[in-house]
Amino acid sequence: MKAKLDLIENRLQTLIEGGLTLLIPGGNPQQILTRQLIEAMQSGLATTTDGLTTLAPDTYHVSIHPSRLKYWQAHQTFLDAITDELSQAASQVGFRFLIDPHIIILTDVSLSTGEIKISAAITEMTVQETSRYSIGPQPSPEDDIEPIPQNAFLIVNGQRHFPLHQKVVNIGRRLDNHLAIDDPRVSRNHAQLRAINGHYIIFDLNATGGTYVNGQRINQSLLNPGDVISLAGYPLIYGQDVNFMTKDTQSIDLASRDEPEPRDPGSSTSP
Numbered sequence: 029m030k031a032k033l034d035l036i037e038n039r040l041q042t043l044i045e046g047g048l049t050l051l052i053p054g055g056n057p058q059q060i061l062t063r064q065l066i067e068a069m070q071s072g073l074a075t076t077t078d079g080l081t082t083l084a085p086d087t088y089h090v091s092i093h094p095s096r097l098k099y100w101q102a103h104q105t106f107l108d109a110i111t112d113e114l115s116q117a118a119s120q121v122g123f124r125f126l127i128d129p130h131i132i133i134l135t136d137v138s139l140s141t142g143e144i145k146i147s148a149a150i151t152e153m154t155v156q157e158t159s160r161y162s163i164g165p166q167p168s169p170e171d172d173i174e175p176i177p178q179n180a181f182l183i184v185n186g187q188r189h190f191p192l193h194q195k196v197v198n199i200g201r202r203l204d205n206h207l208a209i210d211d212p213r214v215s216r217n218h219a220q221l222r223a224i225n226g227h228y229i230i231f232d233l234n235a236t237g238g239t240y241v242n243g244q245r246i247n248q249s250l251l252n253p254g255d256v257i258s259l260a261g262y263p264l265i266y267g268q269d270v271n272f273m274t275k276d277t278q279s280i281d282l283a284s285r286d287e288p289e290p291r292d293p294g295s296s297t298s299p
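The structure is reproduced here in structure tokens:
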């Protein structure tokens, strides 16, 4: 296992070398980032019950000081290159991802300016995937500590009703997302809904165009029925009432409530 992780680390260092002076000032940035990525991957590895497949974490949370957020957001293309290389290197050594790996940037005021912390997790599997890749004993309903909100759904672009039945819902332009949106404004892996304590929380996946809730750009936000979500201008409405259908959205001014803020001229424009 160590040899496999070393191979992945070496490939990442080759890619990252020289490209992190703005993201991680001082020290040895490529070594800091690659080492933490590998440690996070190692801590999150899981083996299927048949012992034949090693599943690697697909979601990497990178915590940084708030003052560094714009620098990281301006280098989305570089972060995409890191996750692409991570995916290729992991596949080379036989690891499998349930979805394409992605990086979520979080802010932490307790960190120093040049400090980062990385954690990783495997996205919860769908029912179909669970039948093939059961990692361990499945909890019974009475042991379920993360209930899914009842009758939750999204109104997509004012027209489509998308029911929410899973604990984790990935949204983006890629076809392998739970909710795939064919719109150039939407990033490949744009946002994620996660059921926590009976509520859905939306997380921005470091999308170039940003994620907005009721007109405010967010990194993460608890959703309430009627909240208007904007994925770089593409509108969604969150609801939990089965009677809240498309016809009820006509009175909501989507354009005025979820128009993204102007982009920083120095930021990356590639999703």
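Once you know that position 6 of the sequence shown is 34 in this note's numbering, the rest is easy, because the numbers rise by one and skip nothing. Ideal placement from N, C-alpha and C gives every residue a C-beta, glycine not left out.
Exercise. Kindly identify the DSSP beta-bridge partner or partners of valine 196.
Key: Arg222
Quiz item: Quick one: Cα of tyrosine 228 to Cα of leucine 33, how far?
Solution: About 34 Å.
Quiz item: Which partner residues of glycine 267 appear in the DSSP bridge assignment?
Solution: Phe181
Quiz prompt | Uninterrupted alpha helix (DSSP H) stretches inside the stretch 59-93 (no shorter than 4 residues) | solution = The qualifying runs do not exist here; there are none.
Practice problem: Check the DSSP bridge columns for leucine 207 and list the partner residues they point to. | Solution: Bridge partners of leucine 207: Ile199.
Practice problem: Would you decide whether methionine 69 is buried or exposed? Buried here means 16 or more other CB atoms lie within 10 Å of its CB. | Solution: buried
Practice problem: Would you kindly report the start and end of the unbroken alpha helix (DSSP H) that includes glutamine 101? | Solution: 97-101
Quiz item: Which residues in the same chain as histidine 193 place their Cβ atom closer than 8 Å to its Cβ, once the five residues preceding and following it in sequence are excluded?
Solution: Ile176
Quiz item: If you count every other CB in all the chains shown that lies within 10 Å of the CB of asparagine 205, and 16 or more means buried, which is it?
Solution: buried
Quiz item: Within the chosen definition, does the stretch 176-190 reach the stretch 100-119 through at least 3 CB pairs nearer than 8 Å?
Solution: Segments in contact, no.
Self-check item: Backbone secondary structure at serine 147 - three-state DSSP
Solution: In this structure, serine 147 counts as strand in the three-state DSSP scheme.
Exercise. Closer than 7 Å by C-beta to threonine 62: which residues in its own chain qualify, once you throw out the five before and the five after it? Chain order, please.
Key: Glu37, Leu40, Gln41, Ile44
Exercise. Find out if the Cβ-Cβ distance for the pair isoleucine 20, alanine 74 is shorter than 8 Å.
Key: A query on residue 20 cannot be resolved here, the shown segment of the chain reaching from 29 to 299 and no further.
Quiz item: By DSSP, does phenylalanine 106 sit in helix, in strand, or in coil?
Solution: Secondary structure at phenylalanine 106: helix, using DSSP grouped into helix, strand and coil.
Self-check item: Alpha-carbon spacing of lysine 275 relative to threonine 239, whole angstroms
Solution: With a pLDDT of 40 at lysine 275, under the threshold of 50, the predicted position of this residue should be treated as unreliable, though the coordinate-derived value follows. One C-alpha to the other measures close to 24 Å.
Quiz item: When DSSP builds the beta bridges, which residues end up paired with valine 21?
Solution: Only positions 29 to 299 of the chain appear in the structure, and residue 21 is not among them; the question remains open.
Quiz item: Can you tell me whether valine 90 is buried or exposed, with buried defined as 16 or more other CB within 10 angstroms of its CB?
Solution: buried
Quiz prompt | Bridge partners - valine 241, DSSP secondary structure assignment | solution = Gln244, Ile257
Exercise. Rank Thr82, Asp128, Lys30 by C-alpha distance to the C-alpha of histidine 218 and give the top, closest one.
Key: Asp128
Quiz item: Going by DSSP, which residues form a beta bridge with serine 249?
Solution: Ile230
Practice problem: Give me the Cα-Cα distance between valine 256 and isoleucine 199, rounded to the nearest whole angstrom. | Solution: 15 Å
Quiz item: Does the distance from the CB of threonine 76 to the CB of leucine 83 come in under 8 Å?
Solution: yes
Quiz item: Mind checking whether isoleucine 230 and valine 241 have CB atoms under 8 Å apart?
Solution: yes
Quiz item: Which residues share a DSSP beta bridge with proline 191?
Solution: Phe181
Self-check item: Cutoff 8 Å; reference isoleucine 246; Cβ partners in own chain excluding five residues on either side
Solution: Ile230, Asp232, Thr239, Tyr240
Quiz item: Could you give the residue range of the beta strand (DSSP E) that holds leucine 139?
Solution: Element bounds for leucine 139: n/a, residue is neither H nor E.
Quiz item: Looking only at C-alpha atoms, which of Arg124, Phe106, His93, Ile60 sits nearest to leucine 80?
Solution: Arg124
Practice problem: Ignore the nearest five residues each way along the sequence and tell me which others in arginine 216's own chain have a CB closer than 7 Å to its CB. | Solution: Gly200, Arg201, Arg202, Pro299
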